[in-house]
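Asker: Counting with the UniProt record's numbering, you get residues 1 to 210 for the letters of the sequence shown.
Even glycine gets a Cβ: it sits at the ideal position worked out from N, Cα and C.
All values derive from a computational prediction rather than experimental measurement.
Sharing a structure here in structure tokens format.
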Amino acid sequence: MSADTIKLLPNLLATVELARSLPVSEQRKEVLQVLIDYTQDKVNNGEELNLNFICTHNSRRSQFAQIWAQTAADYFGIPANCYSGGVEVTAFNERAVASIKRNGFRVTKKGIENAVYFIFHSDDQGPISTFSNLYDDAINKATRFGAVMTCSHADENCPFIPGTEHRIPVRYEDPKVYDDTPEEKNKYDERSLQIASEMFYVFSQISLDK
1 MSADTIKLLP NLLATVELAR SLPVSEQRKE VLQVLIDYTQ DKVNNGEELN
51 LNFICTHNSR RSQFAQIWAQ TAADYFGIPA NCYSGGVEVT AFNERAVASI
101 KRNGFRVTKK GIENAVYFIF HSDDQGPIST FSNLYDDAIN KATRFGAVMT
151 CSHADENCPF IPGTEHRIPV RYEDPKVYDD TPEEKNKYDE RSLQIASEMF
201 YVFSQISLDK
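Here it is as structure tokens:
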């Protein structure tokens, strides 16, 4: 599927256009190049691309990254399975869920405690499913995946992650530090938009032509 055939939800499309207009610094491009190279190699070799975005609690940054990476991959027609996980189970934080809704995704959920969220980016495709889980949960591809480390704590305290083909540090600052402050809403949206910008940059660099 190509960008021509994916019709993003209108409010989400506006967020994507904003995200793609943001500059990606040369320093961040260098960080992201490892993810680009891994993704391009999988595409070139016709292999299944599994990306597991990992953060300690799997509640904010890793789920932002999973959602935006899958959206960007679908937008550019790159076959990818994007997951997220952690080393502890908590819940998809309600502040992060609210930010995703403000970004223009349509969100439904099942359950109450550690609910499963279904994130829709289009009327034409099924949802992205996400909830707080361990990186090796059965819902994730437990073997042959790229482990994208989105927080410093998980990156520094998980020296070995079974099933990892390549370990890719792409760290983000935690919006949690702004919880219950006047800046909370803006900082969550700022982090989500940064991740959106970088995931769209990554997948825009991938060529499907061998």
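1. I'd like the list of long-range same chain contacts for L193, defined as Cβ closer than 6 angstroms, with 5 residues on each side in sequence excluded.
2. For the putative contact between A72 and V202, defined by C-beta atoms under 8 angstroms, what is the C-beta separation to the nearest angstrom?
3. Do you know whose CA, among Y135, M149 and S129, lies nearest T143's CA?
4. So, helix, strand or coil for V107, using DSSP?
5. Kindly provide the ranges of any beta strand (DSSP E) runs that are 3 or more residues long and lie completely inside the stretch 28-114, ordered along the chain.
6. Of the choices M199, V89, I6 and T164, whose alpha-carbon is the least far from that of G77?
7. With C-beta atoms as the reference, is L8 less than 8 angstroms away from S122?
8. Where does R20 sit, in a helix, a strand or coil, going by DSSP?
9. How many Å lie between A14 and E184 at the Cα?
10. With DSSP run on the structure shown, which of helix, strand or coil describes A14?
11. T130 bridges to which residues according to DSSP?
12. By the three-class DSSP mapping on this structure, what secondary structure does S122 have?
13. May I ask you to report which of helix, strand or coil DSSP gives E198?
14. Quick one: measure Cβ to Cβ for F53 and V148, integer angstroms, because I've assumed they're closer than 8 angstroms.
15. Quick one: grab the DSSP three-state call for L8.
16. Which value, in whole angstroms, describes the spacing of the CA atoms of K187 and N103?
Answerer: Inspection of the coordinates gives the following:
1. A19
2. Their Cβ separation, rounded to whole angstroms, is 7 angstroms, which keeps A72 and V202 in contact under 8 angstroms.
3. For the residues Y135, M149 and S129, the minimum Cα distance to T143 belongs to Y135.
4. strand
5. 50-54, 81-85 and 106-110
6. Checking every option, the nearest Cα to that of G77 belongs to I6.
7. yes
8. Residue state, collapsed to three classes: helix.
9. Pairing A14 with E184, the inter-Cα distance amounts to about 22 angstroms.
10. helix
11. Y117
12. strand
13. E198 sits in a helix when the DSSP states are folded into three classes.
14. 5 angstroms
15. strand
16. Their backbone Cα atoms lie some 13 angstroms apart in a straight line.
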